[in-house]
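Reading through the structure tokens given below for one structure.
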């Protein structure tokens, strides 16, 4: 008999907080800046009707964790379609545990967004604007409110019921009031930090609504032919950042931050190490393009296992 620590979504959601998530992601980027986070681009394995998608990484500094996340892209959905994160000791190779479900993948994206807002948004930010009302938007709100003392969160998505339900749910998650608006324009105009977390292949706001000094995070599509962010925002930006340049370069379709902005693009880890490479004045317009830094799922999974890992007996 041996034991293995296994966490499900229920275990994670009943015990986590966004401070823990953001701290874990900040540790991952510190390792990235120090050169101790191995983070190759994700790769796909043809599995017939869909793919198996792997993101692997190793944080060999103080985190001392290695492993991978795997999920599938088959058209079917249901309770038996899930994700898996496996965590090992990076020094000895000893197995630490498994995390089953979608929580780690979504929360680490939220945590990365929180690190970006902490590094790039104005320190006195009062209003967080959100375009989108899905799980990714909710995780972004939670992480953002863990790093800034926002006074209010304004949200818009095209479906009235979705945005109202999102506002009610998110309002229970965070300190500031969360309000759903019927139009995206006041959300964008009021925002000190704006999060776009949609699946839209067309721009979700007019760039003229965006005030100088705002920080913008884009989570959704960012291809040349399909993008939620207006291209004019990138033209106006004083700093354009991403979590992984190698992942952007490995994308099989040209992106909006491709060759035209190569010379401007900076990794978030480098901004944490050298803050002047991000926001250098209150009037700067900053952009963070989230594409997924491999290894961050392993770092977050390791933090969850350390904080509240449960042991399940495994027969051999």
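In the numbering used here, the protein residues as written are 87 to 402. No residue lacks a Cβ here, since even glycine has one placed at the ideal position from N, Cα and C. These numbers come from a predicted model, not from an experiment.
Residue i - DSSP class collapsed to helix/strand/coil
i, result
"residue 223", "helix"
"residue 91", "strand"
"residue 249", "helix"
"residue 162", "coil"
"residue 108", "helix"
"residue 368", "coil"
"residue 389", "helix"
"residue 255", "helix"
"residue 193", "helix"
"residue 171", "strand"
"residue 132", "strand"
"residue 118", "helix"
"residue 346", "helix"
"residue 333", "helix"
"residue 271", "helix"
"residue 395", "coil"
"residue 288", "coil"
"residue 99", "helix"
"residue 244", "coil"
C-beta contact flag for residue i and residue j at 8 Å
i, j, result
"residue 174", "residue 153", "yes"
"residue 196", "residue 225", "yes"
"residue 391", "residue 183", "yes"
"residue 357", "residue 205", "yes"
"residue 386", "residue 107", "yes"
"residue 172", "residue 151", "no"
"residue 191", "residue 249", "no"
"residue 369", "residue 299", "yes"
"residue 161", "residue 135", "yes"
"residue 233", "residue 111", "no"
Run of the beta strand (DSSP E) containing residue i, from where it starts to where it stops
i, result
"residue 215", "213-217"
"residue 379", "From DSSP, residue 379 is part of no beta strand (DSSP E); its letter is neither H nor E."
"residue 139", "137-145"
"residue 296", "Neither: residue 296 is in no beta strand (DSSP E) and is coded neither H nor E."
"residue 183", "181-186"
With 16 other Cβ atoms within 10 Å as the buried cut-off, status of residue i
i, result
"residue 242", "buried"
"residue 247", "exposed"
"residue 361", "exposed"
"residue 222", "buried"
"residue 245", "exposed"
"residue 379", "buried"
Per DSSP, the bridge partner or partners of residue i
i, result
"residue 327", "352, 374"
"residue 263", "238"
"residue 301", "279, 372"
"residue 157", "139"
"residue 309", "312, 341"
"residue 123", "145"
"residue 151", "145, 175"
Span of the alpha helix (DSSP H), counted from its first residue to its last, around residue i
i, result
"residue 407", "Only positions 87 to 402 of the chain appear in this structure, which leaves residue 407 out of reach."
"residue 320", "317-322"
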